[in-house]
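First comes the structure, then the notes that go with it.
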Amino acid sequence: MDVALATAWLRAVAESVDADADELTKLDSAIGDGDHGVNLRRGFTAVAALLDGTAFTSVGDVFVRAGGTLISKVGGASGPLYGSAFRAVGKALPPGPAVTPADLVTALRAGLDAVSALGGAVPGDKTIVDAYRPAVMAFGEAVAGGAALPEAAAGAARAAGDGARATVSLTARKGRASYLGERSAGHQDPGATSTWLIFQALADVTAP
Amino acid sequence: MDVALATAWLRAVAESVDADADELTKLDSAIGDGDHGVNLRRGFTAVAALLDGTAFTSVGDVFVRAGGTLISKVGGASGPLYGSAFRAVGKALPPGPAVTPADLVTALRAGLDAVSALGGAVPGDKTIVDAYRPAVMAFGEAVAGGAALPEAAAGAARAAGDGARATVSLTARKGRASYLGERSAGHQDPGATSTWLIFQALADVTAP
Amino acid sequence: MKKFINDPNDVVAEALAGLAAAHPELRVDHTEQYVARADAPRSGKVALVSGGGSGHEPLHGGFVGPGMLDAACPGEVFTSPVPDQILAATKAVDGGAGVVHVVKNYTGDVMNFRMAAELAADEGITVETVLVDDDVAVEDSTWTAGRRGTGATLLVEKIAGALAEEGGKLGEVAAIGREVNAASASFAYALTAVTTPAAGRPGFDLPDDEIEAGVGIHGEPGRRREKLRPAGELVRSALDAILEAKPVESGDRVIVLVNGLGGTPLIELYLVYGEVATVLAARGIEISRRLVGNYVTSLDMAGLSITVTRVTGEMVRLFDAPVRTPGLRWGA
Amino acid sequence: MKKFINDPNDVVAEALAGLAAAHPELRVDHTEQYVARADAPRSGKVALVSGGGSGHEPLHGGFVGPGMLDAACPGEVFTSPVPDQILAATKAVDGGAGVVHVVKNYTGDVMNFRMAAELAADEGITVETVLVDDDVAVEDSTWTAGRRGTGATLLVEKIAGALAEEGGKLGEVAAIGREVNAASASFAYALTAVTTPAAGRPGFDLPDDEIEAGVGIHGEPGRRREKLRPAGELVRSALDAILEAKPVESGDRVIVLVNGLGGTPLIELYLVYGEVATVLAARGIEISRRLVGNYVTSLDMAGLSITVTRVTGEMVRLFDAPVRTPGLRWGA
Ligand SMILES: Nc1ncnc2c1ncn2[C@@H]1O[C@H](COP(=O)(O)OP(=O)(O)O)[C@@H](O)[C@H]1O
Ligand SMILES: Nc1ncnc2c1ncn2[C@@H]1O[C@H](COP(=O)(O)OP(=O)(O)O)[C@@H](O)[C@H]1O
Ligand SMILES: [Mg+2]
Ligand SMILES: [Mg+2]
Ligand SMILES: [Mg+2]
Ligand SMILES: [Mg+2]
């Protein structure tokens, strides 16, 4: 993955978050406060603006700066979580204009660790983690099995989608949805859904 | 009309106002503040309680005390207007346990004068006056023509009903409905409607 | 209808019980149904009495206290109080210097207060009446009952109340109240209809993209129905009506009230105040003081009114004077 | 959706512009998006900074001023502020004696304030955080994000703010804030769902005879849906939950807050306060002070919360201390 691909990914995320903002907000209205779509649209619009105005020489920098922008612009729970994740991803990458799929595996894991450390959620809590973790695992296994980036990314997107859909039956134990107790079951988690969008965007921009 | 008939009339008004309170309130919601039915129900319930607890020896007293009760209990525009009307009716009657239809003509006219003096409304302003005035006129003409009370009362009720229905097309120039300007047209005036109920109650209790 | 009530018939009495429990500095007479300063009557002080239908809270009960009203008479919801109540309150707070009745211009209020004033006169109490009729959405003509009293009531009560508190004479207190009213103009919009406890359903239907322009505070429909427009446009229209009815020149000073009707959140009221400030600044009008909040309400109606009062230095001084009531408090 | 707004994206910024225009005694930084006392920083004074999503007005911006907050950071509607904002506000009001962050316990608020506190520490500012989590509708367990911060926030800000104003040290100010929170319990009902400007439609559908019990202030559904019941019954259920979670004994003294969520009229809040007073009196609990009004709101949501705080004499003294903010004012 080079700087161009990294920025293409983030731009694709911005587009898909914009297109699906209403859907995300609807999910968040059911078990949260109805702002997840607006939050991410605001954040990734700012990320896109950042990319327009900056020339990057390092892939890691792209993610570090994007993460910082998310922290500065999103607010809520998802802002610090996604922001810290992207910052951790960026920091875990070796310096330079291109990184290998194996570098990305390590970096995505660092992102997952950041989310877990900051939010304290474990699998099954009905959060971002429930899409992010299977995506990272699928991505890592694919790369370990010799897959190229497009294939690994497609597998990660599928795993994230499965993880997001599987949140429907879960009872939330972290974040706002946990206030609803049992009533949170039966609804798909908005954060897990946006995580799926993020990995789907990677699959889309790498697809041959 | 003796004391028994006077109290029977007011009780009949109380019953019919109670039965039609929702209808009156609905009319008042359209062009006023939606309290006319509740106002009159509160007032005439208190009048009925007064009648239960008092032994009257004079017809005039019945109306004077009923009017005072309305003033004390109703509030709004209709309280002082109906209260003053009944007080004026009572005061205009000769003392004693029974009065003639001719006495009633004079007294009802005094009631109308009280409403006009207090509220300043003229015919066509879409108010109580638009039902009260034709009723008094019909009553007076019938009595002048030699009609007995039942017949005169029936004519007054018909005239009040015609008058109330005719308020539909009028644009209000007095009371709350006047704030709506042209938009008050197309709705029947709640106060004219309750005046109709009052005269209808007289017709009902005198009907042979 | 969903409301935090028990029996719709008991709403006013039970809310008064709560008011009494919450405010030991007020004396609530539950039999005569009025709210008075606990320290009334104050000998030699001109007393201010107001009242009107319930459902406009904090008006009037919430404005009883030092620097404002001596007593308030709450009627049933949206129904003016009865003469007995007003008379009882008037007698209870009369300190021998006369009583000012602040009356919003509605047929019912006017008649009931007039009757009470006559009864009070019979008992030797001098009453002056200040009629408030600031709502410029209503044409003031022989074809209407005249303009309604709305937001300006608060300013009349505050400013006249301050003059009474500092020892103003009956005529002076009534006079400044009338001046404030004469210098005031208001205009209101409603986004939703009101639901009274007694009616149990909204007074009218309003489609999801329409509003009522020129409404009063009793849930009645307005002068006309309009399409919803951006707040900035609504403010400009309202100010056009207000400044046409009661001209304010560049260089004049005003007090502005952006008043919520009950169901509109503060964030919208502040946004609207920002628009008002911008328009008035462009016209060279100086906003000396302002209030933004829910003061003269219409139960749960979503909507707001804008009041502009052209003020003298004396009015501003009296506006600034200490006031200590449940609904308005400063300097004490 | 019918609201007095222009573009839904500009609501917070435009409302802040209105707040700034209305309150010259506040300084609004429109770039960093915070509201501060105009006289901040005050050298040697512990500063209080709070913040959270917009839509809860007057919380928090309306509680900035002498005796309460030094600064407030409004996020987007129902969205916690970002660390940059909080850091900027913290730096702007730090008078060298440390800064207390009053943070409502929501995942987003907690994380954003924590990040800001770390950044502030990097710049040599000592920050103590007071976490408010009074909403007993939420179980406080490892199975939830913990109890939400709701009505008690007002009391924490008032009482800790008063101690800071009179010279309390950082540790003392934070300690009393935590004590107030620990002594507070709240429970809320919603009659309607909230409509955020961004979503444009109500967050959930609620039939005309049902309510949500145990709601927070962000328009989320509550713990359970119930049939509407008379106010007296709702109050008893809420107080059962409150007094079970934080026991108050006969003879104890409390401050009570009956808080409207935005769309509920004052007449209902007072009626409910009357019910609360009756229940507590029957239990031998003395209500030392009380507030009845819209303080911690949820945009246009019809609903209310009840907060009971068991107080010490010191807390009452600090509650009574002068405060001068747009949303709460006495003694000044
Ligand atoms: N502790 C946590 N760990 C991981 N993800 C979380 C946590 N808390 C919340 N989330 C995620 O954040 C999403 C909500 O984000 P958003 O709506 O933007 O923030 P907020 O809840 O503050 O309104 C939830 O759907 C959930 O996936
Ligand atoms: N000036 C007036 N003269 C005669 N009748 C009037 C006048 N003003 C109002 N009314 C009558 O009063 C009725 C409304 O009564 P009500 O609803 O009880 O009082 P309010 O208007 O104070 O709520 C109107 O329908 C009208 O018929
Ligand atoms: Mg959310
Ligand atoms: Mg009426
Ligand atoms: Mg009425
Ligand atoms: Mg949020």
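Note that the protein sequences, when read in sequence, are chains S, D, Z and R. Residue 73 in full-length UniProt numbering sits at position 73 of the first sequence; the count goes up by one each step and never skips. Residue 173 in full-length UniProt numbering sits at position 173 of the second sequence; the count goes up by one each step and never skips. Residue 67 in full-length UniProt numbering sits at position 67 of the third sequence; the count goes up by one each step and never skips. Residue 2 in full-length UniProt numbering sits at position 2 of the fourth sequence; the count goes up by one each step and never skips. Note that CB positions come from ideal geometry on N, CA and C, so glycine has one too.
Assigned exposure category for residue i - 16 Cβ within 10 Å defines buried
| i | result |
| --- | --- |
| His56/R | buried |
| Trp9/S | buried |
| Pro24/R | exposed |
| residue 353/R | Any property of residue 353/R remains undetermined from this structure, which presents chain R solely from 1 to 332. |
| His209/R | Sequence check: residue 209/R is Asp here, not His. Label assigned to Asp209/R: exposed. |
| Trp196/D | buried |
| Glu249/R | exposed |
| Ala102/S | exposed |
Length of the line joining the Cα atoms of residue i and residue j
| i | j | result |
| --- | --- | --- |
| Val46/R | Val103/R | 16 Å |
| Leu257/Z | Gly327/R | 16 Å |
| Asp43/S | Val77/Z | One point to set straight first is that residue 43/S is Gly, not Asp, in the sequence displayed. Going by the C-alpha atoms only, they are around 48 Å apart. |
| Phe4/Z | Glu212/R | 13 Å |
| Arg11/D | Leu191/Z | 42 Å |
| Leu291/Z | Asn259/Z | 8 Å |
| Val316/Z | Leu163/Z | 12 Å |
| Thr54/S | Gly181/S | 44 Å |
| Ala30/S | Gly161/S | 19 Å |
| Ala15/Z | Tyr270/R | 5 Å |
| Glu166/R | Ile285/R | 30 Å |
| Glu244/Z | Glu157/Z | 25 Å |
| Gln33/R | Pro74/R | 7 Å |
| Gly163/S | Asp252/R | 51 Å |
For residue i: DSSP bridge partner residues
| i | result |
| --- | --- |
| Met301/R | Gly262/R |
| residue 211/S | Chain S is shown from 1 up to 208; residue 211/S falls before or after that span and cannot be answered. |
| Ser184/R | Thr309/R |
| Leu197/S | Note: Leu197/S sits in no beta bridge, so no partner. |
| Arg27/R | Ala36/R |
| residue 372/R | Residue 372/R cannot be examined here, being either before or after the span of chain R that is shown, 1 to 332. |
| Gly293/Z | Asn259/Z |
| Val132/R | Lys104/R |
| Lys227/Z | Glu210/Z |
| Glu286/Z | Arg253/Z |
| Thr195/R | Pro202/R |
| Trp330/Z | Val323/Z |
| Ala72/R | Val35/R and Ser50/R |
| Tyr189/R | Ala213/R and Leu304/R |
| Ser98/S | First, the residue type needs correcting, since residue 98/S is Ala and not Ser in the sequence shown. According to DSSP, Ala98/S bridges with Asp2/S. |
Contact test: residue i Cβ vs ligand 7 heavy atom, cutoff 6 Å
| i | result |
| --- | --- |
| Gly32/S | Absent from the structure shown: ligand 7. Ligands present: ligand 1, ligand 2, ligand 3, ligand 4, ligand 5 and ligand 6. |
CB-CB length for residue i against residue j, believed under 8 Å
| i | j | result |
| --- | --- | --- |
| Ala137/R | Thr307/R | Not confirmed; about 12 Å, so no contact. |
| residue 335/Z | Asp133/Z | Chain Z is shown from 1 up to 332; residue 335/Z falls before or after that span and cannot be answered. |
| Val127/R | His101/R | 6 Å |
Open item on the list: Short of 8 Å Cβ to Cβ, which residues in the region 53-87 of chain S face chain R?
Closed with: Ile71, Ser72, Lys73, Val74, Gly75, Gly76, Ala77, Ser78, Gly79, Pro80 and Leu81
Open item on the list: Which residues of the region 187-202 of chain S have a Cβ closer than 9 Å to any Cβ of chain R? Give them in chain order.
Closed with: Among the residues of the region 187-202 of chain S, none has a Cβ less than 9 Å away from any Cβ of chain R.
Open item on the list: Short of 7 Å Cβ to Cβ, which residues in the region 170-186 of chain D face chain Z?
Closed with: Arg173, Lys174, Gly175, Arg176, Ser178, Tyr179, Leu180, Gly181 and Arg183
TODO: Below 9 Å between beta carbons is the criterion; list the residues of the region 198-215 of chain Z that meet it against any residue of chain R, in chain order.
DONE: Leu206, Asp208, Asp209, Glu210 and Ile211
- [ ] Give the residues from the region 5-21 of chain S that approach chain R closer than 7 Å (Cβ to any Cβ), ordered along the chain.
- [x] For the region 5-21 of chain S, the set of residues with a beta-carbon nearer than 7 Å to any beta-carbon of chain R is empty.
TODO: Please name the residues in the region 268-280 of chain R whose beta-carbon is closer than 7 Å to at least one beta-carbon of chain Z, in chain order.
DONE: Glu268, Tyr270, Leu271, Val272, Tyr273, Gly274 and Ala277
TODO: Using a Cβ-Cβ cut-off of less than 8 Å, list which residues of the region 43-64 of chain R approach chain Z; keep chain order.
DONE: So the close ones are Ser54, Gly55, Glu57, Pro58 and Gly62.
Task: Under 7 Å (Cβ pairs) to chain Z, residues found in the region 13-45 of chain R - done: Glu14, Ala15, Ala17, Gly18, Leu19, Ala21 and Ala22
Task: Contacting positions in the region 1-13 of chain Z - beta carbon closer than 7 Å to chain R - done: Lys2, Lys3, Phe4, Ile5, Asn6 and Val11
Open item on the list: Tell me which residues of the region 107-138 of chain Z have at least one Cβ-Cβ distance to chain D shorter than 7 Å, keeping chain order.
Closed with: Thr107, Gly108, Met111, Asn112, Met115 and Val138
Open item on the list: Residues of the region 292-309 of chain R in Cβ contact with chain S at a cutoff of 8 Å, in chain order, please.
Closed with: none
TODO: Pull out every residue of the region 33-50 of chain S whose Cβ sits closer than 9 Å to any Cβ of chain R, in chain order.
DONE: Asp33, Gly34, Asp35, Gly37, Val38, Asn39 and Arg42
Task: Residues within the region 72-92 of chain Z neighbouring chain D, beta-carbon criterion of under 9 Å - done: Gly75, Glu76, Val77, Phe78, Thr79, Ser80, Pro81, Val82, Pro83, Asp84 and Gln85
Open item on the list: What are the residues in the region 112-126 of chain D lying within 8 Å of chain Z by C-beta distance?
Closed with: The region 112-126 of chain D vs chain Z, Cβ under 8 Å: Leu118 and Gly119.
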